[in-house]
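Residue numbers (the numbering used here), protein chains in the order written: chain A, 12 to 371; chain B, 12 to 371; chain C, 12 to 371. The structure appears right after this line, and notes come after that.
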Amino acid sequence: MISKDEIDEALRRYDKERITIATLCSHSALQIFLGAKQEGFRTLGICKPESKKVYDSFPLASPDEYLVVDSFEEILEDEFQMELRKRNAVVIPHGSFVEYVGPKNLETGFFVPMFGNRKVLEWERDRKKEMKWLQKAGLTLPQVFEDLAEIDRLCLVKFYGAKGGRGFFLVGSGEEFKEKIAKAGRKLLNGESDDYFIQEYVLGLRYYPHYFYSPTFRRTELFGVDRRDECNIDGLYRIGATREEIQKFGSYVVTGNLPVVVRESLLNKLIDMGNKVVAASQDLFPPGIVGPFCLETICRDDLEFVTFEISARIVAGTNLYPLGSQYSCYLFEEPMSMGRRIVREIKLASEKERLEDIIY
Amino acid sequence: MISKDEIDEALRRYDKERITIATLCSHSALQIFLGAKQEGFRTLGICKPESKKVYDSFPLASPDEYLVVDSFEEILEDEFQMELRKRNAVVIPHGSFVEYVGPKNLETGFFVPMFGNRKVLEWERDRKKEMKWLQKAGLTLPQVFEDLAEIDRLCLVKFYGAKGGRGFFLVGSGEEFKEKIAKAGRKLLNGESDDYFIQEYVLGLRYYPHYFYSPTFRRTELFGVDRRDECNIDGLYRIGATREEIQKFGSYVVTGNLPVVVRESLLNKLIDMGNKVVAASQDLFPPGIVGPFCLETICRDDLEFVTFEISARIVAGTNLYPLGSQYSCYLFEEPMSMGRRIVREIKLASEKERLEDIIY
Amino acid sequence: MISKDEIDEALRRYDKERITIATLCSHSALQIFLGAKQEGFRTLGICKPESKKVYDSFPLASPDEYLVVDSFEEILEDEFQMELRKRNAVVIPHGSFVEYVGPKNLETGFFVPMFGNRKVLEWERDRKKEMKWLQKAGLTLPQVFEDLAEIDRLCLVKFYGAKGGRGFFLVGSGEEFKEKIAKAGRKLLNGESDDYFIQEYVLGLRYYPHYFYSPTFRRTELFGVDRRDECNIDGLYRIGATREEIQKFGSYVVTGNLPVVVRESLLNKLIDMGNKVVAASQDLFPPGIVGPFCLETICRDDLEFVTFEISARIVAGTNLYPLGSQYSCYLFEEPMSMGRRIVREIKLASEKERLEDIIY
Numbered sequence: 012m013i014s015k016d017e018i019d020e021a022l023r024r025y026d027k028e029r030i031t032i033a034t035l036c037s038h039s040a041l042q043i044f045l046g047a048k049q050e051g052f053r054t055l056g057i058c059k060p061e062s063k064k065v066y067d068s069f070p071l072a073s074p075d076e077y078l079v080v081d082s083f084e085e086i087l088e089d090e091f092q093m094e095l096r097k098r099n100a101v102v103i104p105h106g107s108f109v110e111y112v113g114p115k116n117l118e119t120g121f122f123v124p125m126f127g128n129r130k131v132l133e134w135e136r137d138r139k140k141e142m143k144w145l146q147k148a149g150l151t152l153p154q155v156f157e158d159l160a161e162i163d164r165l166c167l168v169k170f171y172g173a174k175g176g177r178g179f180f181l182v183g184s185g186e187e188f189k190e191k192i193a194k195a196g197r198k199l200l201n202g203e204s205d206d207y208f209i210q211e212y213v214l215g216l217r218y219y220p221h222y223f224y225s226p227t228f229r230r231t232e233l234f235g236v237d238r239r240d241e242c243n244i245d246g247l248y249r250i251g252a253t254r255e256e257i258q259k260f261g262s263y264v265v266t267g268n269l270p271v272v273v274r275e276s277l278l279n280k281l282i283d284m285g286n287k288v289v290a291a292s293q294d295l296f297p298p299g300i301v302g303p304f305c306l307e308t309i310c311r312d313d314l315e316f317v318t319f320e321i322s323a324r325i326v327a328g329t330n331l332y333p334l335g336s337q338y339s340c341y342l343f344e345e346p347m348s349m350g351r352r353i354v355r356e357i358k359l360a361s362e363k364e365r366l367e368d369i370i371y
Numbered sequence: 012m013i014s015k016d017e018i019d020e021a022l023r024r025y026d027k028e029r030i031t032i033a034t035l036c037s038h039s040a041l042q043i044f045l046g047a048k049q050e051g052f053r054t055l056g057i058c059k060p061e062s063k064k065v066y067d068s069f070p071l072a073s074p075d076e077y078l079v080v081d082s083f084e085e086i087l088e089d090e091f092q093m094e095l096r097k098r099n100a101v102v103i104p105h106g107s108f109v110e111y112v113g114p115k116n117l118e119t120g121f122f123v124p125m126f127g128n129r130k131v132l133e134w135e136r137d138r139k140k141e142m143k144w145l146q147k148a149g150l151t152l153p154q155v156f157e158d159l160a161e162i163d164r165l166c167l168v169k170f171y172g173a174k175g176g177r178g179f180f181l182v183g184s185g186e187e188f189k190e191k192i193a194k195a196g197r198k199l200l201n202g203e204s205d206d207y208f209i210q211e212y213v214l215g216l217r218y219y220p221h222y223f224y225s226p227t228f229r230r231t232e233l234f235g236v237d238r239r240d241e242c243n244i245d246g247l248y249r250i251g252a253t254r255e256e257i258q259k260f261g262s263y264v265v266t267g268n269l270p271v272v273v274r275e276s277l278l279n280k281l282i283d284m285g286n287k288v289v290a291a292s293q294d295l296f297p298p299g300i301v302g303p304f305c306l307e308t309i310c311r312d313d314l315e316f317v318t319f320e321i322s323a324r325i326v327a328g329t330n331l332y333p334l335g336s337q338y339s340c341y342l343f344e345e346p347m348s349m350g351r352r353i354v355r356e357i358k359l360a361s362e363k364e365r366l367e368d369i370i371y
Numbered sequence: 012m013i014s015k016d017e018i019d020e021a022l023r024r025y026d027k028e029r030i031t032i033a034t035l036c037s038h039s040a041l042q043i044f045l046g047a048k049q050e051g052f053r054t055l056g057i058c059k060p061e062s063k064k065v066y067d068s069f070p071l072a073s074p075d076e077y078l079v080v081d082s083f084e085e086i087l088e089d090e091f092q093m094e095l096r097k098r099n100a101v102v103i104p105h106g107s108f109v110e111y112v113g114p115k116n117l118e119t120g121f122f123v124p125m126f127g128n129r130k131v132l133e134w135e136r137d138r139k140k141e142m143k144w145l146q147k148a149g150l151t152l153p154q155v156f157e158d159l160a161e162i163d164r165l166c167l168v169k170f171y172g173a174k175g176g177r178g179f180f181l182v183g184s185g186e187e188f189k190e191k192i193a194k195a196g197r198k199l200l201n202g203e204s205d206d207y208f209i210q211e212y213v214l215g216l217r218y219y220p221h222y223f224y225s226p227t228f229r230r231t232e233l234f235g236v237d238r239r240d241e242c243n244i245d246g247l248y249r250i251g252a253t254r255e256e257i258q259k260f261g262s263y264v265v266t267g268n269l270p271v272v273v274r275e276s277l278l279n280k281l282i283d284m285g286n287k288v289v290a291a292s293q294d295l296f297p298p299g300i301v302g303p304f305c306l307e308t309i310c311r312d313d314l315e316f317v318t319f320e321i322s323a324r325i326v327a328g329t330n331l332y333p334l335g336s337q338y339s340c341y342l343f344e345e346p347m348s349m350g351r352r353i354v355r356e357i358k359l360a361s362e363k364e365r366l367e368d369i370i371y
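And the structure:
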């Protein structure tokens, strides 16, 4: 792990009047760049040649400068990182940045100051740690079946290596699981869940609340809610697909997001959940999570939220709200996206000379 | 019923320069508080201890003052009501307020000035009166089957006492109805529809247009449209649920709302429907409905709207539009939520010294 | 075809300081009128008597003046057109205007200056030309089956004359096609596709990206994305409809629109597709498309967009964003609807004395 001292040392040498907000041109970079400009910062986009035109085509969200790479591996090269430091860059890590550079590489080989607690990367990528975190927060989690014989309801089988939601399938019993795994040509690991895990399929509706924990204000903000648009599972109803067809053709690739609000009386639960996730993170990896996170939940018809995952950074669902959401308007008078919120935190911390509280 | 004279008398004693907008901390209170602040009013939140933190966590929608109750019954106590009057409170009744305090209690035992015509409570809670109102307005209603033998299509069976959309089921014939009601362990009332009613299941898409009738402008405003997110019925397609599974597992609990707009050529119909509902209310319970209401409709593929219910107050679907909707922007230049719209009406009526036209 | 010279001559006689933005009161007229007012233009609504009240009920989108017609045929009368010219009218053609007046009539008998390239009407209404255009642009199109014997997957059968999405059906083989067409009482045309066409049914999610090609800025702007709400197909899942029931009861009538955003990494593809459609149009019918268009796509789970249609004008999906969308905010600082965008282009071209580049 890159030490906090090393990052603090780099930060001390930064020209605080000329901080540059940098991120990879993908995922949620448009709102980050727009937000950074709104807050008065310089912006830098790291991108492959083919992505540049996307960001050029949106003038208000085009970064002031690009660093073009042919391969994401270049990002880890010393020279590249020194270029970022030379520009007083604070990097905003989003899902694509973490995925393309690699969470382990970011932990051990990326010495540019990043927004947020670097330790969170480990707690997010390691599924056991993630579950420990959510359990410690006291959230309701879907039941996980370790023993095939115990499967007594509809379950979703997920493979750890599966990218973008592919390779999920539904089973109703241990027998069905064995049949399907055999058909799929996968090795059955005698019930060891190294390769896959079997999770209760929770009936209900999906809500993805976005949060922001602000060390400056010492508060957890509920910032918006979305629902992921999963391809092609969310379109199969139009042909009246049967369970068998859903199993055969169904996939869970996120291709977009839909806006949604929750019943106001449910906000109490969502806010509680957010506060508890923050508190648990402060215990598990002090000083805990900093900035944006998202809980991936299903609300059951008994009004209980079951949380099946946490994204410990800005999520793409916030792209729905580049000028603010149905909840951010109760927090800020200005149009406040999650991207802008991150940069606002950097600005506030910088003004208080407390950048080291939010940058790791 | 609390007499209009009594309310008018209370209003006369109010300090019109210091009116406080009060509501229960739930349902749509965030937009009501934000709107009241935007319009320059003091705000007061009635809440249970556990809800306070929700409203505190959104600084721009936190009421200036709370009156905390341990039980909603306290709201009906004389002392509590006198506290509200002392603060020149105008209460905005929303769905949770009406439900928790009880519509009958509000009619007969709540003597604090409330926004809107108090008589509407009776026309909304009594299903027969509600239907009379909608019929008088000339709306297309779903066919209701009183005689089991006449059931000739897919029908939805609803129980009057059912809370939050539970206990609905689908039947295709009188025989199926008898079987299901027997299975559910409910008494069959020889076709008397005291306990349940059987309604044609209308194929189509659900649209919930929000309206505001302004006595000040003497106009009905179409303010926005939403679709309710019903848990778990709106998620069951993801497992390819059969009709039988939908019957067995399906529920209709509203957990959120989705934004939607209608084809512009359909606005003519929606506006007509709104105007007719207002006109019918003026005949049935003069001076008729005041302020917000919502029609719960299904648009069939012949472009006819079938109305199955009316909510005669602010609905939670307006929570989607705290800074205005796709229709309110054609009515007001400012970001105008339904909550703010209510308070604006109070402001306009107050300026014209006509508060008694909108407060009952 | 009305000659460009004739339009240019009319334009020359226009008082450029008093241009009136005119359109038919339907489809997307509210945002066009609001946008025109925001940009400082006079507005004129062409309408049937029954539509006037819709536009009157939205004061900020009410046109300054109406020309009321009893039948849309009046629009083609010389006298009517001279009235429009007398007011220096630039007509914004939208879907309902084109449909009601008739694309051929607009091409040959409507001599009032219209926004956009008039030649596009022909390329849009003739399905073979439309396909040629999309193919030339290099877009991925759904496979079309000319020979019944070749049908090897789920297909959608569409009839050319079908209005509003009715009369579509699904078939899995040539045999099934023959059975269904016989049942429907339609003549089978020995495989000639004059009456119907058979298209691969693409599994995935529907995205309808809105674009604007600006001759003034020489750029294609990605302006927003929506999903059409199709009645009743998008509601049938709530009763667990089987394929057979979907075939029997299902219809595809557009009754509304839902907002949606796409994964940011997919914007590259969408922007490419837009640029290629513009380039192909410039080759096929110079100077090519001017102003708004929309691609009707399905995103598959391999992240490929299959385009099944183009709308070469403002689409109703833009009604979701009367004050700007999740993408327009990266293009313009002001709240920018597609309606306003069109009028802004007229304003910019007028200032540069280049109206003839965008009006035909």
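The C-beta atom is built at its ideal place from N, Cα and C for all residues, glycine as well.
Residue i vs residue j beta-carbon contact at 8 Å
i: Asp237(C); j: Tyr219(C); result: yes
i: Thr54(C); j: Asp26(C); result: no
i: Ala40(B); j: Val101(B); result: no
i: Arg138(A); j: Pro114(A); result: no
i: Lys287(C); j: Phe316(C); result: no
i: Tyr341(B); j: Phe234(B); result: no
Rounded C-alpha distance that separates residue i from residue j
i: Tyr248(C); j: Ile325(A); result: 33 Å
i: Tyr371(C); j: Pro303(C); result: 15 Å
i: Gln293(C); j: Asn128(C); result: 11 Å
i: Leu216(B); j: Gly185(B); result: 26 Å
i: Pro60(A); j: Gly328(A); result: 25 Å
i: Thr253(C); j: Phe260(C); result: 10 Å
i: Asp36(C); j: Val131(C); result: Reading off the sequence, residue 36(C) comes out as Cys, not Asp. If you take the alpha carbons of Cys36(C) and Val131(C), they lie about 22 Å apart.
i: Glu187(A); j: Asn330(A); result: 39 Å
Secondary structure of residue i, DSSP reduced to three states
i: Gly149(C); result: coil
i: Cys310(C); result: strand
i: Ser361(A); result: helix
i: Ser322(B); result: strand
i: Gly202(C); result: Confidence in Gly202(C) is poor, its pLDDT being 45 and thus under 50, which makes the residue's placement too unreliable to answer from.
i: Lys169(C); result: strand
i: Val213(A); result: coil
heavy atom of the ligand COA below 7 Å from residue i C-beta
i: Val101(C); result: In terms of ligand content, the structure shown is empty, and the ligand COA therefore cannot be addressed.
Please specify which runs of the alpha helix (DSSP H), each continuous and at least 4 residues long, are wholly inside the stretch 244-270 of chain C, giving them in chain order. Here the runs fully enclosed are 254-260.
I'd like the ranges of any alpha helix (DSSP H) spanning at least 4 consecutive residues and lying wholly in the stretch 49-75 of chain A. 63-67
Given a limit of 7 Å on CB to CB distance, which residues of the stretch 260-271 of chain A reach chain C? Phe260, Ser262, Val264, Val265, Thr266, Gly267, Asn268, Leu269 and Pro270
Using a Cβ-Cβ cutoff of 8 Å, what residues of the stretch 50-81 of chain B are near chain A? List them in chain order. Glu61, Ser62, Lys64, Val65, Ser68, Phe69, Pro70, Leu71 and Ala72
Any C-beta of chain A within less than 9 Å: which residues of the stretch 147-170 of chain C qualify? Leu165
Quick one, which residues of the stretch 210-227 of chain A are near chain B if we go by CB-CB under 8 Å, in chain order? Those residues of the stretch 210-227 of chain A placed with their C-beta closer than 8 Å to a C-beta in chain B are Tyr212, Leu214, Gly215, Leu216, Arg217 and Tyr218, ordered along the chain.
Fully enclosed by the stretch 92-133 of chain B, which beta strand (DSSP E) runs are 3 residues long or longer? Runs of the beta strand (DSSP E) inside the stretch 92-133 of chain B: 100-102.
Can you pull out the residues from the stretch 103-120 of chain A whose beta carbon lies closer than 8 Å to at least one beta carbon of chain C? Ser107
For the stretch 324-351 of chain B, list every residue whose C-beta sits within 8 Å of some C-beta in chain C, in sequence order. Within the stretch 324-351 of chain B, the qualifying residues are Gly335, Gln337, Tyr338, Cys340, Tyr341, Leu342, Phe343 and Glu344.
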